[in-house]
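Just so you know, the sequences run in chain order B and Z. Residue 1473 is where the first sequence starts when you use the numbering used here, and the numbers rise one by one after that. Residue 1473 is where the second sequence starts when you use the numbering used here, and the numbers rise one by one after that. Cβ atoms here follow ideal geometry from the backbone N, Cα and C, with glycine treated the same way. Quantities reported herein were computed from a predicted structural model and do not represent experimental measurements. One structure is given below, encoded as structure tokens.
Number of protein chains: 2
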Amino acid sequence: MRILVQKFGGTSVKDLACMKQVLEKVKKGLHEGFKMVVILSARAGDTNRLLALCNEYSPNPDAAECDSLVSTGEQVSTALFTMLLKDDGIKARSVLGFQVPITTNDAYGKARISSIDKTQLHRLLAEYEVLVIAGFQGISPSGRISTLGRGGSDTSAVALAAALDAFRCDIYTDVDGVYTTDPNIASNARKLNRITYDEMLEMASMGSKVLEIRSVEFAKKYKVPVHVRSTFSDAPGTMLIQEDKKMEHVLVSGIALDRDQARITLRNCPDKPGVSAGIFGPLSEANVTVDMIVQNPSRDGVTDMTFTVARKELKKALSIVESTKPNGMNGMEVMHDSNVCKVSVIGVGMRNHAGVAAKAFDVLFHENINILMISTSEIKISCLIEEKYAELAVRTLHDAFNLGEEQFEGEPEK
Amino acid sequence: MRILVQKFGGTSVKDLACMKQVLEKVKKGLHEGFKMVVILSARAGDTNRLLALCNEYSPNPDAAECDSLVSTGEQVSTALFTMLLKDDGIKARSVLGFQVPITTNDAYGKARISSIDKTQLHRLLAEYEVLVIAGFQGISPSGRISTLGRGGSDTSAVALAAALDAFRCDIYTDVDGVYTTDPNIASNARKLNRITYDEMLEMASMGSKVLEIRSVEFAKKYKVPVHVRSTFSDAPGTMLIQEDKKMEHVLVSGIALDRDQARITLRNCPDKPGVSAGIFGPLSEANVTVDMIVQNPSRDGVTDMTFTVARKELKKALSIVESTKPNGMNGMEVMHDSNVCKVSVIGVGMRNHAGVAAKAFDVLFHENINILMISTSEIKISCLIEEKYAELAVRTLHDAFNLGEEQFEGEPEK
């Protein structure tokens, strides 16, 4: 049984006219001989409207009840779309999270998928041409409806594609693929035909909003061929794939920009064992995610420590850091700065080629852009800079690595 | 475990202010030491809005998909109300039809309950003080969401009360009980403290809109004590009970009026075996419900046959009757009249007292109201009359049987 998974976001199903375009995509898959598994989000606006309803009735809505309520968004969109399929003479039915079942943990509002029942899905696929599955939702061990959090429908789609060993998972969205960088910043930004899972993970976590990061993790783990493409055109988009030989000579795939950064500097931190734990432990317990961390060499028994957090968590992070002072850090001085951003150079080619970092630092230096912090991984170099230089840095790096020019990266999938 | 079942209709949960009144009713039950099972309808207007959405997307919406969509109405109301309970510090959770589970047949849109899992409910009741259960919905043998049809939440409530052997099932509605007749017609109509299941069945089927008829059948079958009362007051309403000694001397309980009647008369019907079947068979196959039937004595091998149908089915019924003519009924003449209505005198006391029918005919005769058709059962006498006499007939009968006066019918339940 050849199975094609297609996922459509909220703007793709927002009204009857849009759903009719989706219908054509599904029929195209049927004509190509696939059994179709279609994952839908709620109609654009519905999820926000339902969340607002929760907040109207309760100052602090119970998470499980909120999930039961908010999951009705996908229940509505899947029923409506299945009606269209049936009116077109296609054997189809809607399948809700509990009907698959897609089992999750009980972290309501941000649940994680633990298993998907393949047997039941195969039985349904033997009976129907198209299964229209509600994204974003599952069922907890205690039998209650759970939701996967924002962007969860991407994860539903990739997880279902993995479970069903699908030929491909097409993620239809309102952009036509993954770009070398934000086209609003660099007008010569180019759509990538291919990108590796690892690069996409870096792009996604760096603020490239195309795919929810957990769906990319899932795709990587189960090697799901994912095709990110536009609902509103037939042009091929970007394929997410495993690293292969063809890609070796492509040094850098893209430049990511993350403005959601705030820097905290601790001056005169006592440099003794347990100090880092004394600061980052309480932050972690309060669910404050720390991104970059730099510690300067010690001098006279004290050191400077700098780290970044998301801007909306700055206030919380500062109060936690202040509260650690009584623990033998009285002389410590706390400073902060929100006018910073992070530019990242991403590419699997870095693994085998030296000099990418040196080149990046060099071109930023030539534009008089001061690098405040640096962090690197095998396939990424990130620099924290003053936010006013954000666009200049992105354009400069994009041009320095020739990302605006067509590169050989293999043929796109059809 | 003493369990109290409470059911609230759409107008009782239509907004936050109304839900807060419902909250008080539930807390009262808790204070009285009950475990509470609360059945909710969708918020007023939601079900109609969701049905309209189905019709916007499909000229003939798939029944199963429509049920999946429309059932979100109760999913929303139960989640919102449970949030209020939790905010008040009460251990509560919502339970959807599939979570109970309430199993139905697969007649989507008008499904019938086949079983309710008591074990699971008792397990939940051990853990929670209040279960907020979505009315109107269940799950079909193939695991799809089904709905019970209009007024189905009443049936959900009574069925759950029966399954749980509840102390009582309180049906909260926007009227304060069952009346001897429509107070808009007879200003001295009186609220009944008690009514038997059989009388209520006759009242319900006669157009008394207080309770859905299937819920009364369920209550009768499982002897569920049902209390019909108002959400917006604390006054006792009407208890539905089994017939008992106390009620024997109450001759007549109420007068029902059904305006939804149309009469069809077949003149010169050949009077030979199989003719009735030749007419009523095709009507039944087309789902046209025939109410009263009268056949005159035969004369010269032909007879007149008169029957009534609901007004909206008159056209359909007429075309079916015309289509039977070729089958040896060529000389038959078909006439019809929509300006008729049915008044019924209802009371279990009739079983043991003669003369109720004679008295009813007599008082109508004295008002010059011509009786067009008569049908009777053990506890009911129905007369078809011209519609223009409807109110006069109801008032006359109501007074003739002294229904405006307080009668001993036992103490109301608190």
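For residue i, the first and last residue of its enclosing beta strand (DSSP E)
i, result
"residue 1870(Z)", "Element bounds for residue 1870(Z): not the beta strand (DSSP E) but the alpha helix (DSSP H), 1862-1872."
"residue 1854(Z)", "1852-1858"
"residue 1814(B)", "1805-1818"
"residue 1512(Z)", "1507-1512"
"residue 1480(Z)", "1475-1480"
"residue 1848(Z)", "1845-1849"
"residue 1606(Z)", "1602-1606"
"residue 1449(Z)", "Because chain Z here runs from 1473 to 1886, residue 1449(Z) falls outside it and cannot be looked at."
"residue 1876(B)", "Looking at the DSSP string, residue 1876(B) is not in any beta strand (DSSP E), and its letter there is neither H nor E."
"residue 1611(Z)", "1609-1611"
C-beta contact flag for residue i and residue j at 7 Å
i, j, result
"residue 1596(Z)", "residue 1608(Z)", "no"
"residue 1545(Z)", "residue 1525(Z)", "no"
"residue 1764(Z)", "residue 1780(Z)", "yes"
"residue 1856(Z)", "residue 1814(Z)", "yes"
"residue 1648(B)", "residue 1587(B)", "no"
"residue 1783(Z)", "residue 1810(Z)", "yes"
"residue 1643(Z)", "residue 1700(Z)", "yes"
"residue 1452(B)", "residue 1841(B)", "Residue 1452(B) is absent from the structure shown; chain B starts at 1473 and stops at 1886."
"residue 1618(Z)", "residue 1625(Z)", "no"
"residue 1576(B)", "residue 1585(B)", "yes"
"residue 1515(Z)", "residue 1543(Z)", "no"
"residue 1822(Z)", "residue 1851(Z)", "yes"
"residue 1712(B)", "residue 1728(B)", "no"
"residue 1635(B)", "residue 1590(B)", "yes"
"residue 1673(B)", "residue 1650(B)", "no"
"residue 1535(B)", "residue 1616(B)", "no"
"residue 1473(B)", "residue 1507(B)", "yes"
"residue 1510(Z)", "residue 1498(Z)", "yes"
"residue 1743(Z)", "residue 1775(Z)", "yes"
"residue 1788(B)", "residue 1760(B)", "yes"
"residue 1481(B)", "residue 1645(B)", "yes"
"residue 1796(B)", "residue 1751(B)", "yes"
"residue 1736(B)", "residue 1808(B)", "yes"
Nearest-angstrom beta carbon gap, residue j and residue i [assumed within contact, 8 Å]
i, j, result
"residue 1658(B)", "residue 1641(B)", "Wrong, their Cβ atoms sit about 29 Å apart, outside the cutoff."
"residue 1547(Z)", "residue 1540(B)", "6 Å"
"residue 1488(Z)", "residue 1528(B)", "7 Å"
"residue 1710(B)", "residue 1875(B)", "Residue 1710(B) to residue 1875(B), Cβ: 14 Å. No contact."
"residue 1819(B)", "residue 1698(B)", "About 19 Å separates the two Cβ atoms, so there is no contact after all."
"residue 1684(Z)", "residue 1623(Z)", "3 Å"
"residue 1828(Z)", "residue 1817(Z)", "6 Å"
"residue 1504(B)", "residue 1564(B)", "Incorrect: roughly 17 Å between the Cβ atoms, too far for contact."
"residue 1627(Z)", "residue 1530(Z)", "Not quite, the Cβ-Cβ distance comes to about 27 Å (not below 8 Å), so this is no contact."
Residue span of the alpha helix (DSSP H) that contains residue i, given as start and end
i, result
"residue 1491(Z)", "1488-1503"
"residue 1624(Z)", "1624-1636"
"residue 1825(B)", "From DSSP, residue 1825(B) is part of no alpha helix (DSSP H); its letter is neither H nor E."
7 Å Cβ cutoff, residue i in contact with chain A
i, result
"residue 1610(B)", "The chain inventory of the structure shown lacks chain A, comprising the protein chains B and Z."
*Quick one: any contact between the segment 1488-1505 of chain B and the segment 1549-1559 of chain B, if contact means 3 or more CB pairs under 8 Å?*
Yes: the two stretches touch, three or more of their Cβ pairs being nearer than 8 Å.
*asked:* Can you confirm whether the segment 1755-1768 of chain B touches the segment 1784-1793 of chain B when touching is taken to mean that 3 or more C-beta pairs between the two stretches lie within less than 8 Å?
replied: Result yes; three or more Cβ-Cβ pairs closer than 8 Å.
*Could you name each continuous alpha helix (DSSP H) segment of 4 residues or more that falls completely within the segment 1735-1787 of chain B, going from the start of the chain to the end?*
Listed in chain order, the alpha helix (DSSP H) elements of length 4 or more contained wholly in the segment 1735-1787 of chain B are 1747-1757.
*Determine contact between the segment 1564-1573 of chain Z and the segment 1475-1493 of chain Z, defined as no fewer than three beta-carbon pairs at a distance below 8 Å.*
No, they do not touch.
*Considering only residues of the segment 1527-1589 of chain B, which uninterrupted beta strand (DSSP E) runs meet the minimum length of 3 residues and lie entirely inside it, listed in chain order?*
The segment 1527-1589 of chain B contains, as complete beta strand (DSSP E) runs of 3+ residues, the segments 1564-1567, 1574-1576 and 1585-1588 (chain order).
*Using 8 Å as the Cβ pair cut-off and three pairs as the minimum, do the segment 1600-1616 of chain Z and the segment 1665-1676 of chain Z touch?*
Inter-segment contact for the segment 1600-1616 of chain Z and the segment 1665-1676 of chain Z is absent: fewer than three beta-carbon pairs are separated by less than 8 Å.
*Any chance the segment 1701-1708 of chain B sits against the segment 1727-1734 of chain B, with 3 or more Cβ pairs inside 8 Å?*
No, because fewer than three Cβ pairs between the segment 1701-1708 of chain B and the segment 1727-1734 of chain B fall closer than 8 Å, the two stretches do not touch.
_As an exercise, report each continuous alpha helix (DSSP H) stretch of at least 4 residues that is fully enclosed by the segment 1638-1716 of chain Z, in chain order._
The segment 1638-1716 of chain Z is shown to contain whole alpha helix (DSSP H) runs of 4 or more residues at 1669-1677 and 1685-1694, in chain order.
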